[in-house]
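Trainee: Okay, handing you the structure first.
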Amino acid sequence: MADAWARVTGRMAAVDAAAGPRVANLVPSLMCAWKEGVPMLAIGTQRVCRSIHAVRNGCFQYGPQLGLVGPITKFSGCLEEVRNIPEFVRAACRAALDGRPRPSYLDIPADVLREEIAEDEAGIQDASLHRFAPTAPDPALVEAAAELLVRAESPLILAGHGTQWSEATGELVALAEHLGAVVMTIAGTRGVFHEDHPLSIGMGFPWGSPVYLESDVILAVGIQIGETMQFLMPPGWAGPERQKLIHLDIDAANIGVNRRTDVGLLGDARAGLSALLAAVAAKAPRREPAAAAAGYARDYQQLKRGLVGSYRTIDSAPVHPGRLAAELVDFLPEDSVVCIDGGNTGLWAHLSLTFRRPRSLLWTGHFGHLGTGLP
Ligand SMILES: Cc1ncc(C[n+]2csc(CCOP(=O)(O)OP(=O)(O)O)c2C)c(N)n1
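Residues 5 to 379 (the working numbering) make up the sequence shown, in order.
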């Protein structure tokens, strides 16, 4: 629930769990949020301070909570004193929201929860002291990237989770339209670029498109370039010798790792796209999409319509998941948020549905966690 709330609102979610088994049950959700890049503050209760480190055997509803969550959180700590709460909460929130978002965890012992302290002794700081403006990439590198983009014959933009977390849809659309660039999202960010847009080729997997091999410059934004993208390597993609890669990401650890990068732009997706748009517009006027680009998008739309049409003819009982998904196409209101679970049903849903708004799809594309369709 917290994961879904964070994705739909774009804000950090909080979730709490009782000591022992309930914290253990948090682990799958935290691991999913860790892999998916969802900001979350998880709070687990803990037995009273004097018995946390008990040597005795047979402790009831007790286990190594911090050890369990350590590898799947950006920050984890135990609050053994009430006066530490503001400092730990600040550190946990900063870690969850800074760079690539991810979960943090705080263990709070029962006696600390009960303790009271005067507000002026707690050292609570104004939140505005800890909010930073999104950072734009280095201007010299933006310039180099813009040069590549305006010279590109067949530019392709890949929009990942960073585009959605930084609310960069407006900048993404403006840059794509200025360049006449085709836009593809990953499965988890469908809708961050309107899929009926004449430059949209929807999500990458499982359709595939000739643009994978034909594009000469790829701008990858807020994306890990992982397995589902085939690391942008041959045979699915043209590869570093024939395809230049500009990678804009908030996390330096994502750039130049899975695939050689020609220009790495470290910074926020929205700030970076806005800087790129200004640099590109200063170099070249807006251009119409090349015939090939318009063709990629048209082929995608046609393929999609054909699939939905054929699923509508499947007349089996019980109802086939493809038929169910195809019927949902006309049934769902425009403001729906669709949650797709795992298994084959998820594939039918992905093949049939069209997403037109950011945050209108919940899908654990990185972790593939079954059961996410259930609240
Ligand atoms: C929580 C979790 N457990 C196990 C898996 C591994 N897994 C992926 S698909 C799958 C089978 C799903 O079967 P079903 O829901 O019947 O869908 P089908 O693909 O057969 O249509 C399993 C066990 C997973 N992704 N998530």
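Note that the Cβ used here is the ideal one computed from N, Cα and C, for glycine as well.
With a threshold of 16 other CB atoms inside 10 Å of the CB of I47, please say whether the residue is buried or exposed.
Mentor: For this step, residue 47 is matched to residue 43 along the sequence shown. Buried, by the Cβ-count rule.
Trainee: Which first and last residues belong to the alpha helix (DSSP H) in which G24 is found?
Mentor: Locating residue 24 in the sequence shown gives position 20, where the first residue counts as 1. Looking at the DSSP string, G24 is not in any alpha helix (DSSP H), and its letter there is neither H nor E.
Trainee: Could you tell me the distance, in whole angstroms, from the CA atom of D339 to the CA atom of G377?
Mentor: The residue labelled residue 339 in the question sits at position 335 within the sequence shown. The residue labelled residue 377 in the question sits at position 373 within the sequence shown. Distance between the alpha carbons of D339 and G377: 18 Å.
Trainee: Between A46 and chain B, is there a C-beta pair that is closer than 9 Å?
Mentor: Absent from the structure is chain B; it holds one protein chain and no more.
Trainee: Among G41, E91, D20 and A114, which residue has its Cα nearest to the Cα of I56?
Mentor: As a first step, residue 56 must be located in the sequence shown, where it is residue number 52. Checking every option, the nearest Cα to that of I56 belongs to A114.
Trainee: Where does Y109 sit, in a helix, a strand or coil, going by DSSP?
Mentor: Residue 109 sits at position 105 when you count from the first residue of the sequence shown. Three-state result, Y109: strand.
Trainee: Could you pull out every residue in the same chain whose Cβ sits closer than 8 Å to the Cβ of R360, ignoring the five residues on either side in sequence?
Mentor: On the sequence shown, residue 360 is found 356 positions in, with the first residue counted as 1. Cβ within range, chain order: G195, H198, E199, D200 and E338.
Trainee: Residues in its own chain within less than 6 Å of G346 by CB, not counting five upstream and five downstream?
Mentor: Position 342 of the sequence shown holds residue 346. For G346, where only same-chain residues beyond five positions count, the Cβ hits under 6 Å are G372 and L374.
Trainee: Sorry if obvious, but does the Cβ on L374 come closer than 8 Å to a heavy atom of ligand 1?
Mentor: For this step, residue 374 is matched to residue 370 along the sequence shown. Indeed, a heavy atom of ligand 1 lies less than 8 Å from the Cβ.
Trainee: By how many angstroms is the C-alpha of D253 removed from the C-alpha of D124?
Mentor: To locate residue 124, count along the sequence shown from 1; it is residue 120. To locate residue 253, count along the sequence shown from 1; it is residue 249. Those two C-alpha atoms are separated by around 40 Å.
Trainee: What first and last residue would you give for the alpha helix (DSSP H) that runs through G166?
Mentor: The residue labelled residue 166 in the question sits at position 162 within the sequence shown. Residues H165 to W169.
Trainee: On a CA-only basis, which of A126, T368, A18 and E292 is nearest L45? Give me that one, please.
Mentor: The sequence position of residue 45 within the sequence shown is 41, counting from 1. Of the candidates A126, T368, A18 and E292, the one whose C-alpha sits nearest the C-alpha of L45 is A18.
Trainee: What does DSSP give as the partner residues of C36 in its beta bridges?
Mentor: Within the sequence shown, numbered from 1, the residue matching residue 36 stands at position 32. Bridge partners of C36: none, in fact.
Trainee: State the beta-bridge partners of K287 as determined by DSSP.
Mentor: As a working mapping, residue 287 is identified with position 283 in the sequence shown. None, per the DSSP bridge assignment.
Trainee: Which word fits I250, buried or exposed, when buried means at least 16 other C-beta atoms lie within 10 angstroms of its C-beta?
Mentor: Counting from one through the sequence shown, the residue named residue 250 turns up at place 246. Buried.
Trainee: On the criterion of 16 or more Cβ atoms from any shown chain inside 10 Å, does P105 qualify as buried, or is it exposed?
Mentor: Translated into positions along the sequence shown, residue 105 becomes position 101. Burial call: buried.
Trainee: Which complete alpha helix (DSSP H) runs does the segment 289-356 hold, if anything under 4 residues is left out?
Mentor: Fully enclosed alpha helix (DSSP H) runs of 4 or longer: 295-316, 325-335 and 347-356.
Trainee: How about G347: is its Cβ closer than 8 Å to a heavy atom in ligand 1?
Mentor: Against the sequence shown, residue 347 aligns to sequence position 343. It does: the Cβ of G347 is within 8 Å (strictly closer) of some heavy atom of ligand 1.
Trainee: Thinking C-beta only, is S80 closer than 9 Å to C97?
Mentor: By 1-based counting over the sequence shown, the position of residue 97 is 93. By 1-based counting over the sequence shown, the position of residue 80 is 76. For C97 and S80, no; Cβs fall outside 9 Å.
Trainee: Less than 8 Å separating the Cβ of P32 from some heavy atom of ligand 1?
Mentor: By 1-based counting over the sequence shown, the position of residue 32 is 28. Within the cutoff, so yes.
Trainee: Are at least three pairs of beta-carbons, each pair with one atom in the segment 303-316 and one in the segment 324-344, less than 8 Å apart?
Mentor: Touching, yes.
Trainee: Whose C-beta lies closer than 6 Å to the C-beta of T173 among residues of the same chain, with five residues either side of it excluded?
Mentor: Along the sequence shown, read from residue 1 onward, the residue named residue 173 stands at position 169. The answer, listed in chain order, is V196 and P362.
Trainee: According to the neighbour-count rule (16 or more other Cβ atoms, all chains shown, within 10 Å of its Cβ), is M207 buried or exposed?
Mentor: Along the sequence shown, read from residue 1 onward, the residue named residue 207 stands at position 203. Burial call: buried.
Trainee: How about P238: is its Cβ closer than 8 Å to a heavy atom in ligand 1?
Mentor: By 1-based counting over the sequence shown, the position of residue 238 is 234. Answer for P238: no, Cβ out of range of ligand 1.
Trainee: Could you spell out where the alpha helix (DSSP H) holding H182 opens and where it closes?
Mentor: For the purposes of this step, residue 182 is taken as residue 178 along the sequence shown, with counting starting at 1. Counting along the chain, the alpha helix (DSSP H) containing H182 begins and ends at T173 to L183.
Trainee: Who are the Cβ neighbours of T193 in its own chain at under 7 Å, not counting the five residues just before and after it?
Mentor: The residue given as residue 193 occupies position 189 in the sequence shown. A163, G164, H165, T167 and Q168, listed in sequence order.
Trainee: Kindly give me the distance between the Cβ atoms of G212 and P293, rounded to whole angstroms, as I take these residues to be in contact under 8 Å.
Mentor: Taking the sequence shown and counting its residues from 1, the one referred to as residue 212 is at position 208. Taking the sequence shown and counting its residues from 1, the one referred to as residue 293 is at position 289. In fact, because the Cβ distance is near 20 Å, the residues do not count as touching under 8 Å.
Trainee: Is the segment 281-290 in contact with the segment 256-272, if contact means three or more CB pairs nearer than 8 Å?
Mentor: No: fewer than three Cβ pairs fall under 8 Å.
Trainee: Looking only at its chain, what residues have a beta carbon closer than 8 Å to the beta carbon of L152, apart from the 5 residues adjacent to it on each side?
Mentor: Position 148 of the sequence shown, counting from 1, holds the residue named residue 152. Only V221, K248, I250, D266 and V267 meet the Cβ criterion.
Trainee: What are the residues that DSSP puts in a beta bridge with T49?
Mentor: By one-based count along the sequence shown, residue 49 stands at place 45. DSSP output for T49 lists I112 as bridge partner(s).
Trainee: Following the continuous beta strand (DSSP E) through V267, name the residue where it begins and the one where it ends.
Mentor: Numbered from its first residue, the sequence shown carries residue 267 at position 263. Where V267 is concerned, the enclosing beta strand (DSSP E) stretches over V267 to L270.
Trainee: Verify the contact flag: P325, CB atom, against every heavy atom of ligand 1, threshold strictly below 8 Å.
Mentor: Taking the sequence shown and counting its residues from 1, the one referred to as residue 325 is at position 321. Checking every heavy atom of ligand 1 against the Cβ of P325, one is found closer than 8 Å.
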